[in-house]
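Enquirer: Right, I'll just put the structure down here and ask away after.
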Amino acid sequence: MSRLNAVWKSRWMRATGLLVLLSIAAFVFLPTYHATTIPVARAQQQQPAAPAVGVRAASLKGVSQSFEFVGRVKAIEQVDLRARIEGFLEKVLFKEGDDVKAGDLLYQIEKVQFQAQVDQAEANLTIAQAEYTNAKLQYDRQVDLSKRQFSPQSTVDQDRAAMDQAAGKVLQAKAALTQAKVNLDYTDIRAPIAGRIGRTAVTMGNLVNPATGVLATIVSQDPMYILFPVSVRDLETIREARRRDGGTLAKIDIRVRLSNGQNYPHKGVWNLTDPQVDKQTDSLIMRAIVPNPERALIDGQFVTAIIQERREEPRVVIPQAALQVDQSGYYVLVVDDQHKVEQRRVQTGPNRGTDVVVTSGVKDGDKVIVDGIQKVRPGQVVQETVLPPMTGG
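Quick note on our numbering: the sequence shown kicks off at 0 and runs consecutively.
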């Protein structure tokens with residue numbers, strides 16, 4: 000019986016030891032299993048798909064080279080109106096900001112005193128003419144008497160001097176009358192040129208004189224000048240292109256782009272090249288004359304003057320929608336053969352419809368992202384869809 004108990008006791012101890020070992024193994028290996036297999040499974044379930052983007056291929060198109068210069072609009076004529084006499088301003092006969100024609104009456108200074116000066120000068124002239132007539136008659140009588148030996152020559156000479164003096168007074172009176180009439184005319188201030196008149200600096204009832212300064216300014220409106228600096232290097236390039244085309248600088252068309260990016264509808268013509276080069280900037284001032292029938296161009300306004308060659312050459316173009324900009328300049332996002340996004344810095348040329356010329360950074364056939372740009376970053380794998388070319392580009 001004791002032998003049987005010993006056997007059972009031995010088996011029970013072996014079973015208990017086995018259970019302890021299994022418990023320890025479970026405690027050690029199960030957390031490791033969960034830590035390695037469950038997150039991997041979850042990661043496989045949660046891993047996002049590659050973002051979808053739309054791309055268009057860069058292509059070669061015939062584009063003529065263009066040169067762009069920052070210019071300023073300048074009126075062909077500009078006149079500052081000033082008072083040339085002293086008097087009280089009686090009338091202001093224009094509306095500020097209106098177009099005026101040459102000869103239009105704009106201001107009127109009180110005329111009473113100047114009309115009185117004209118009347119006085121006319122009276123003085125009449126008196127001087129009468130005195131001259133009397134002096135001439137006296138001289139003629141003395142000449143006649145002298146011929147008959149009834150009057151000495153000295154008397155004749157005195158009467159001749161008196162007559163000449165009277166003639167001088169007539170000339171003096173005529174000059175005074177002319178000056179009085181000029182001053183009377185100065186009471187009417189008229190527009191010397193056609194154009195748009197600005198604000199009036201003096202209102203009715205104020206005393207004006209030459210020291211008052213500018214009363215108002217008239218600026219001609221149509222056509223207008225555009226002045227812009229051109230480097231000597233660009234000028235030589237433009238001249239060479241014109242020689243190839245058989246043209247001259249005088250016939251170069253100038254296109255204008257406004258500050259809001261819109262193209263001005265009327266073309267200008269290059270009409271002046273400054274004869275001197277600025278030594279500090281190595282550039283010359285060029286001038287174009289541009290029609291301005293709608294009065295869209297304003298004196299002093301900044302614009303972009305564009306000179307475009309007539310001959311087209313193949314150049315790489317991309318959609319303008321692909322072009323991005325940051326503090327370092329322009330760039331595009333390109334999808335390579337491994338479907339990865341690559342950032343490339345580019346140099347741009349002129350716009351061509353919805354496209355833009357790229358002079359460096361992109362080659363023909365490169366796929367640039369135009370849709371979904373904000374969803375991706377350089378180095379990321381994407382699913383690209385080649386979009387059809389836009390019409391009108």
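By construction, the Cβ of each residue, glycine as well, lies at the ideal position given by its N, Cα and C atoms.
1) Does the region 47-54 come within contact of the region 178-188, defined as at least 3 CB pairs closer than 8 Å?
2) If you draw a straight line from the alpha carbon of Tyr224 to that of Thr347, how long is it in whole angstroms?
3) Roughly how many angstroms separate the alpha carbons of Ala321 and Val367, rounded to a whole number?
4) Counting only runs of 3+ residues fully inside the region 80-111, write out the beta strand (DSSP E) ranges in chain order.
5) Using the C-alpha atoms, what's the distance from Gln275 back to Gln373?
6) Are the region 324-340 and the region 288-305 touching by the rule of at least three beta carbon pairs closer than 8 Å?
7) Reducing DSSP to helix, strand and coil, say where Pro209 ends up.
8) Counting pairs of Cβ atoms below 8 Å between the region 196-215 and the region 92-110, do you hit three or more?
9) Tell me the start and end of each unbroken beta strand (DSSP E) in the region 313-375 that is at least 3 residues and wholly inside, in chain order.
10) Please classify Met203: is it buried, with 16 or more other beta-carbons within 10 angstroms of its beta-carbon, or exposed?
11) At a cut of 8 Å, does the region 209-225 reach the region 63-83 through at least three beta carbon pairs?
12) Name the residue from Ala172, Asp163, Val357 whose alpha carbon lies nearest to the alpha carbon of Gln116.
13) Please return the same chain residues whose Cβ sits closer than 6 Å to the Cβ of Ala179, not counting the five positions on each side in sequence.
14) The beta strand (DSSP E) spanning Glu383 covers which residue range?
15) Select from Ala166, Ile306, Gly96, Thr211 the residue whose C-alpha is nearest the C-alpha of Val229.
16) Looking only at its chain, what residues have a beta carbon closer than 6 Å to the beta carbon of Gln379, apart from the 5 residues adjacent to it on each side?
17) Helix, strand or coil for Val6, going by three-state DSSP, please let me know.
Expert: Reading from the atomic positions:
1) no
2) By one-based count along the sequence shown, residue 224 stands at place 225. By one-based count along the sequence shown, residue 347 stands at place 348. About 28 Å.
3) Here residue 321 corresponds to residue number 322 of the sequence shown, with the count starting at 1. Here residue 367 corresponds to residue number 368 of the sequence shown, with the count starting at 1. So the alpha carbons of these two residues sit roughly 6 Å apart.
4) 86-91, 104-108
5) Locating residue 373 in the sequence shown gives position 374, where the first residue counts as 1. Locating residue 275 in the sequence shown gives position 276, where the first residue counts as 1. Distance between the alpha carbons of Gln373 and Gln275: 50 Å.
6) Three or more Cβ pairs closer than 8 Å define a contact, and the region 324-340 falls short of that threshold against the region 288-305.
7) What you label residue 209 is simply residue 210 of the sequence shown in a count that begins at 1. In the structure shown, the three-state DSSP call for Pro209 is helix.
8) yes
9) 323-325, 328-334, 340-344, 346-351, 354-359, 366-370
10) As a working note, residue 203 is residue 204 in the sequence shown. Exposed, since its Cβ has fewer than 16 Cβ neighbours within 10 Å.
11) yes
12) By one-based count along the sequence shown, residue 116 stands at place 117. Nearest of Ala172, Asp163, Val357 to Gln116, Cα basis: Ala172.
13) Mapped onto the sequence shown, residue 179 falls at position 180. For Ala179, where only same-chain residues beyond five positions count, the Cβ hits under 6 Å are Gln116, Val117, Ala120.
14) Within the sequence shown, the letter at position 384 stands for residue 383. Residues 382-385.
15) One-based indexing of the sequence shown puts residue 229 at position 230. It is Ile306.
16) Counting from 1 along the sequence shown, the entry for residue 379 is found at position 380. So the qualifying residues of the chain are Val340.
17) Reading the sequence shown from its first residue, position 7 is the one you call residue 6. Because Val6 carries a pLDDT of 47, less than 50, the predicted location of this residue cannot be relied on, and the following value inherits that uncertainty. The answer is helix: DSSP assigns Val6 an H, G or I state.
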